[in-house]
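Asker: Below is one structure. I have some questions about it.
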Amino acid sequence: DVKVTQSSRYLVKRTGEKVFLECVQDMDHENMFWYRQDPGLGLRLIYFSYDVKMKEKGDIPEGYSVSREKKERFSLILESASTNQTSMYLCATGTGGPYEQYFGPGTRLTVT
Amino acid sequence: AQSVTQLDSQVPVFEEAPVELRCNYSSSVSVYLFWYVQYPNQGLQLLLKYLSGSTLVKGINGFEAEFNKSQTSFHLRKPSVHISDTAEYFCAVRPGGYQKVTFGIGTKLQVIP
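Line by line, the protein sequences are chains A and B. Our numbering puts the first residue of the first sequence at 20, with every later residue one more than the last. Our numbering puts the first residue of the second sequence at 227, with every later residue one more than the last.
Laid out in structure tokens, this is it:
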């Protein structure tokens, strides 16, 4: 079974703090994704990575950056957290080809 | 660019009744289609997928979906729902040759005892 783990289930940060969300997978998948999930908006892609050190912007990259130094780990960074980044963040992985994605349990981030 | 429309944000249904959750998509290229389910406080998990071949796809937990190319739809159905089916359901589309997936806004299924 594919296992995707996220570093925290719940996180509370203050406005202006630098925030790191980490995602680790154990299935040697090439592709990794970061989404945010908001009520009424569904899932929106922030960034994805198709190889180590490779990244591509998704639909809403503003205010975020990512890092992928090792194949199994994909980090999402909020350089200076703002209240409008309060959300559920979901990491996902997948192989190449037309296959499904595998999701982590999510991190609910609150920025006060 | 592709888009996904889930026509109902919430669907209440009595236990053991049938249910249909609707999904329409638009895309200029051929697509792969997915339904995911999200139980409270969990990530998404795959319910079923359409890649090619038979337009009727069966998934886990008794769910099935039918791909209709002419109507650009991929509706999800279950003939008899259970309390444990209470969850949020997401339709998703992935264009052939691309890695990015577009998700719908989700439909909350509330099964009433």
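We put the CB at the ideal spot given by N, CA and C, even for glycine.
1. Near A/Gln120, what residues of its chain come up, given a Cβ to Cβ distance below 6 Å and the 5 sequence neighbours on each side ignored?
2. Is there a Cβ of chain A sitting closer than 9 Å to that of B/Gln336, yes or no?
3. Answer yes or no: do B/Val378 and B/Val239 have a C-beta to C-beta separation smaller than 9 Å?
4. What residues of chain A sit near B/Leu272, judged by a beta carbon separation below 7 Å?
5. Evaluate the contact criterion for the region 49-57 of chain A versus the region 233-252 of chain B: three or more CB pairs, one atom per stretch, below 8 Å.
6. Considering A/Tyr66, what are the terminal residues of the beta strand (DSSP E) in which it resides?
7. Could you tell me how far apart the beta carbons of A/Thr131 and A/Ser27 are, in whole angstroms, since I believe they sit closer than 8 Å?
8. Between the Cα of B/Gly323 and the Cα atoms of B/Gly330, B/Ile338, B/Leu277 and B/Glu314, which residue gives the shortest distance?
9. Spatial neighbours of A/Val38 within its chain, please: C-beta separation below 6 Å, excluding the five flanking residues on both sides.
10. Compare the C-alpha of B/Ser310 against each of B/Asp234, B/Ile338 and B/Lys275 and name the closest.
11. Taking B/Leu282 as the reference, give the member of B/Leu272, B/Arg303 and B/Gln264 with the closest Cα.
12. Comparing the C-beta of B/Gln236 with each C-beta of chain A, is any distance below 9 Å?
13. Taking B/Lys275 as the reference, give the member of B/Gln228, B/Ile331, B/Leu233 and B/Phe289 with the closest Cα.
14. What's the gap between the Cα of B/Ala291 and the Cα of A/Thr34?
15. A/Leu30 and A/Leu128: beta carbons closer than 9 Å?
16. Determine, using beta carbons only, whether B/Tyr315 and B/Tyr262 come nearer to each other than 9 Å.
17. Please list, in chain order, the chain A residues whose beta carbon lies closer than 9 Å to that of B/Gln228.
18. May I ask you to report which of helix, strand or coil DSSP gives B/Asp311?
19. Using a Cβ-Cβ distance under 9 Å, would A/Arg63 count as near chain B?
20. Taking all protein chains shown into account, do 16 or more other C-beta atoms lie within 10 angstroms of the C-beta of A/Thr102, making it buried, or fewer, making it exposed?
21. For the putative contact between A/Glu41 and A/Arg92, defined by C-beta atoms under 8 Å, what is the C-beta separation to the nearest angstrom?
22. Could you say which of B/Gln228, B/Gln264 and B/Phe260 lies nearest to A/Met107 if we only look at CA atoms?
23. The beta strand (DSSP E) with A/Gly113 in it runs from where to where?
24. Could you give the residue range of the beta strand (DSSP E) that holds A/Arg28?
Answerer: According to the data block:
1. As a first step, residue 120 of chain A must be located in the first sequence, where it is residue number 101. Excluding residues within five positions, the ones whose Cβ falls inside 6 Å are Ala111 and Gly113.
2. Residue numbering aside, residue 336 of chain B sits at position 110 when the second sequence is read from its first letter. Not a single C-beta of chain A is nearer than 9 Å to the C-beta of B/Gln336.
3. Only positions 227 to 339 of chain B appear in the structure, and residue 378 of chain B is not among them; the question remains open.
4. Mapped onto the second sequence, residue 272 of chain B falls at position 46. Glu119, listed in chain order.
5. Flag = no, the region 49-57 of chain A and the region 233-252 of chain B do not touch.
6. In the first sequence, the residue the question calls residue 66 of chain A occupies position 47. The continuous beta strand (DSSP E) containing A/Tyr66 extends over residues Gly61 to Asp70.
7. The count along the first sequence starts at 1 and reaches residue 131 of chain A at position 112. The count along the first sequence starts at 1 and reaches residue 27 of chain A at position 8. About 16 Å separates the beta carbons of A/Thr131 and A/Ser27, which is beyond the 8 Å limit, so they are not a contact pair.
8. Counted from its first residue, the second sequence places residue 323 of chain B at position 97. Proximity to B/Gly323 across B/Gly330, B/Ile338, B/Leu277 and B/Glu314 peaks at B/Leu277, based on C-alpha coordinates.
9. Locating residue 38 of chain A in the first sequence gives position 19, counting from the first residue. Taken in chain order, the residues that qualify are Lys32, Leu97 and Ala100.
10. For this step, residue 310 of chain B is matched to residue 84 along the second sequence. Of the candidates B/Asp234, B/Ile338 and B/Lys275, B/Ile338 places its Cα closest to the Cα of B/Ser310.
11. Indexing the second sequence from 1 puts residue 282 of chain B at position 56. Of the candidates B/Leu272, B/Arg303 and B/Gln264, the one whose C-alpha sits nearest the C-alpha of B/Leu282 is B/Arg303.
12. What you label residue 236 of chain B is simply residue 10 of the second sequence in a count that begins at 1. No, because no Cβ of chain A sits closer than 9 Å to the Cβ of B/Gln236.
13. Taking the first residue of the second sequence as 1, we reach residue 275 of chain B at position 49. Residue B/Phe289 is the option with its Cα nearest to B/Lys275.
14. Residue 291 of chain B sits at position 65 when you count from the first residue of the second sequence. Residue 34 of chain A sits at position 15 when you count from the first residue of the first sequence. So the two alpha carbons sit approximately 44 Å from each other.
15. The residue labelled residue 30 of chain A in the question sits at position 11 within the first sequence. The residue labelled residue 128 of chain A in the question sits at position 109 within the first sequence. It is a contact, given that the beta carbons lie within the stated cut-off.
16. Along the second sequence, one-based indexing puts residue 315 of chain B at 89. Along the second sequence, one-based indexing puts residue 262 of chain B at 36. For the 9 Å CB-CB criterion, B/Tyr315 and B/Tyr262 form a contact.
17. Stepping through the second sequence from its first residue, residue 228 of chain B is reached at position 2. Near B/Gln228 there are no residues of chain A at all, since even the closest Cβ is about 12 Å away, more than 9 Å.
18. Residue 311 of chain B sits at position 85 when you count from the first residue of the second sequence. In this structure, DSSP gives B/Asp311 a helical state, which the three-state scheme calls helix.
19. Working through the first sequence from its first residue, we reach residue 63 of chain A at position 44. At least one chain B Cβ lies under 9 Å of A/Arg63.
20. Start at 1 with the first residue of the first sequence, and residue 102 of chain A comes out as number 83. It counts as exposed.
21. Here residue 41 of chain A refers to the residue found at position 22 of the first sequence. Here residue 92 of chain A refers to the residue found at position 73 of the first sequence. At roughly 7 Å, the Cβ-Cβ gap stays under 8 Å, so A/Glu41 and A/Arg92 are in contact.
22. On the first sequence, position 88 is the one that residue 107 of chain A refers to. Nearest neighbour of A/Met107 by Cα position, chosen from B/Gln228, B/Gln264 and B/Phe260, turns out to be B/Gln264.
23. Translated into positions along the first sequence, residue 113 of chain A becomes position 94. Counting along the chain, the unbroken beta strand (DSSP E) around A/Gly113 starts and ends at Ser106 to Gly113.
24. Numbered from its first residue, the first sequence carries residue 28 of chain A at position 9. Premise fails: A/Arg28 is in no beta strand (DSSP E) and is neither H nor E.
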